[in-house]
Amino acid sequence: MNRVVLVRRGASVEARECGDDGRVVGTARLPAEELAGFVRAREPGRVRWVWDDTTRWYPGLLDAGVRVERCTDLRLTHAVLRRSPFVDQSLLTDDETPGWDALQPVSATEAALFPLDDPADRLDPVGEHRRQRVALAAAEERSRLDLLLAAESSGALAAAEMTHAGLPWRADVHERLLTELLGPRPTAGRRPAVLEGLLAEIRRALRVPELNPDSPGELLRALHAAGLPVPDTRSWTLERLDHPGIPALLEYKRLSRLLQANGWNWLDTWVRDGRFRPWFLPGGVVTGRWASSGGGALSVPVQVRPAAVADQGWRFVVADVAQLEPRVLAGMSGDTAMAEAARSADLYEGMVAAGAVAGRADAKVGMLGAMYGGTRGESGRMMPRLARRYPRAIGLVEEAARAGERGELVHTLLGRGSPPPAGEWAARPVDLGEPADEELPREVRDRHRRSWGRFTRNFVVQGTGAEWALCWLADLRNRLWRLGSGTVAERPHLVFFLHDEVVVHTPGHLAAEVADEVRHAAAAAGRLLFGSFPVDFPLDVSVVRSWAEAG
DNA sequence: GAAGGAAGCGCC
DNA sequence: AAAGGGCGCTTCCTTC
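Numbering (UniProt numbering), first residue to last: 1 to 551.
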């Protein structure tokens, strides 16, 4: 594989050819405006482009109509290697390391505002690349780390392409939906008519003429005065109350939430030219999940999904994995009994069929408890049964929890390490007797320990689930490219990704092939992570005009 | 008036 | 006896 490190030098770019060990074997220098043509010309020769950070290079290439198949995003791979327990840190670190640790992605607006003072320009990508290659060559579990770094970098390409293409969004459909639910758009600072009506009803029922239900403090006092001794004003707390004002209050909360989070202001801010373009942030969560920025992309409510409509003659292919995390747990722990349950399209039904639990609800609440650390009530009662039937799977998460409680680090299947615990509790070994003065009381320390144990318990499963999803996404991205011709947005392409769900925008006549490729990519991801271990990842796949029709 | 925390709620 | 993971966003409310 040819590796070419791209380096910014003022108005020009250096392209430095490297061997697998990161040593430079050749250099070309070109004016920045010739970069897109250079990359386009070299791309067919199976190049891995190496750059400091995908958000600083790839949006410009995409705007110029250039797509690349593979890259190394040094910012992201640095972050993984720095925390991986498979890596000898002394091979990786250098005077520049704090600069790489601190490097942040940019959005296009920032890049336009501050083109001249970028901390990335004070870092040397060639040196960092060489250090990473040396550290990787000496790492334990080299092939797992290789896979993780490749998948992480591919994710960065997919993220940039999704923002570039945008999720098709019909503002007219969205506006009609808002008007039906809330009434016509009010002038700035006024409530929509439907909310005003509900407000009057709430004030009447609670006998507080000036009540502002958007203020939790005010609302709580009003509820108490009405003889409703609630501890908070959350919807699920209020649902259990029997009082004439409550239905209107719950409806007010539901509609008010829609208005605030995804109302007309959201449309004005985030939808342009028929596209919703959030920023996806690969590696933005410590577990390896993506974060997002702008428009709340990771929590687009079901309520407004009817407005996501494929272009004329195009379709969405929407796919999600059923019970990703329990399946991943079965695979990473090598628990054949749980993998057997996972053979079923519904893993929880598979557990019922095996006689492990009485009903689907028990299976679900038990597994969620095992993965999140819920031990109270129903899910706690299920744990002994599950531990007997699935000793390896349950043992793996229990061990991760105990390690976290001891202040130790855990890691995912491919080698992403958990962050070190912070805080005073972590500075002390477990059994030092009673604390001295000015130290945390024992019960406070223990609470922190258990809380961190729940985090590390979940880290190994959530993080390995994120690795499966990244491999799925990376493989799918390349399969989609091969289905069409032209630029990214002219072929079937990804427009949305959320933990265990993808949305592909595709010309209608290719939709069936896209659905096949989505399934093939999922099977390939399973083999990449778990080899021949027999754990299935069945998908729900829908071909639809609107996102809301999926599922 | 800016900044930051808490409450609350949406997604997985 | 108590013990449920990860996010982003908007509003309210306190602090400086």
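Here a beta-carbon is modelled for each residue, glycine too, at the ideal position from N, C-alpha and C.
For residue 72, the enclosing beta strand (DSSP E) starts and ends at 71 to 73. The shortest C-alpha to C-alpha distance from residue 82 to any of 122, 60, 99 and 25 is the one to 99.
Restricting attention to 226, 425, 455 and 457, the CA atom closest to the CA of residue 442 is found in 425.
Following the DSSP letters along the chain, one finds residue 505 inside the beta strand (DSSP E) bounded by residues 501 to 507. Remark: C-beta atoms of residue 43 and residue 69 approach each other more closely than 8 angstroms. With 16 or more other Cβ atoms from the protein chains shown falling within 10 Å of its own Cβ, residue 279 counts as buried. The bridge partners DSSP lists for residue 493 are 505. With at least 16 other beta carbons inside 10 angstroms of its own, residue 136 counts as buried.
Straight-line measurement puts the Cα of residue 229 at about 25 angstroms from the Cα of residue 255. Checking the DSSP bridge columns, you'll see residue 455 has no partner listed.
The beta carbons of residue 225 and residue 243 sit about 12 angstroms from each other, so the pair does not count as a contact at 8 angstroms. Under the 8 angstroms Cβ criterion, the stretch 345 to 356 counts as touching the stretch 371 to 390, having at least three qualifying pairs.
Taking C-alpha positions only, residue 399 is separated from residue 202 by approximately 51 angstroms. Closest in C-alpha terms to residue 372, from the list 456, 351 and 335, comes 456.
Leaving aside the five residues that flank residue 216 on each side, the residues in its chain whose CB is nearer than 7 angstroms to its CB run, in chain order, 233. One thing to note: residue 267 has its Cβ within 8 angstroms of the Cβ of residue 175.
The three-state secondary structure of residue 498, taken from DSSP, is coil. Contact between the stretch 185 to 203 and the stretch 503 to 513 is not established, with fewer than three Cβ pairs separated by less than 8 angstroms. When rounded, the separation of the alpha-carbon atoms in residue 119 and residue 74 is 14 angstroms. Contact holds between the stretch 406 to 419 and the stretch 450 to 469, because three or more Cβ pairs, one in each stretch, are under 8 angstroms apart. Relative to residue 406, the option among 209, 196, 445 and 152 whose CA is nearest is 445. Annotated as proximal: residue 132 and residue 92, with beta-carbon spacing under 8 angstroms. For residue 17, there is no enclosing alpha helix (DSSP H); the residue is part of the beta strand (DSSP E) that begins and ends at 12 to 18. Inside the stretch 157 to 215, DSSP marks whole alpha helix (DSSP H) runs of 4 or more residues at positions 171 to 182 and 193 to 206, from first to last along the chain. Contact between residue 249 and residue 213 holds: their C-beta atoms lie close to 6 angstroms from each other, under 8 angstroms. About 11 angstroms separates the CB atoms of residue 5 and residue 23; that is not less than 8 angstroms, and the two are not in contact. Between residue 272 and the set 169, 200, 253 and 79, the nearest pair of CA atoms involves 169.
In the displayed model, residue 31 falls within a strand according to three-state DSSP. Shown here, residue 414 sits in coil according to DSSP, grouped into three states, outside any helix or strand. Within the same chain, 322 and 345 come within 7 angstroms of residue 538 by CB-CB distance, once the 5 residues on both sides are set aside. For the stretch 36 to 94, the full-length alpha helix (DSSP H) segments reaching 4 residues or more read 54 to 63, 74 to 83 and 89 to 92 along the chain. As the crow flies, the alpha-carbon of residue 76 is around 36 angstroms from that of residue 259.
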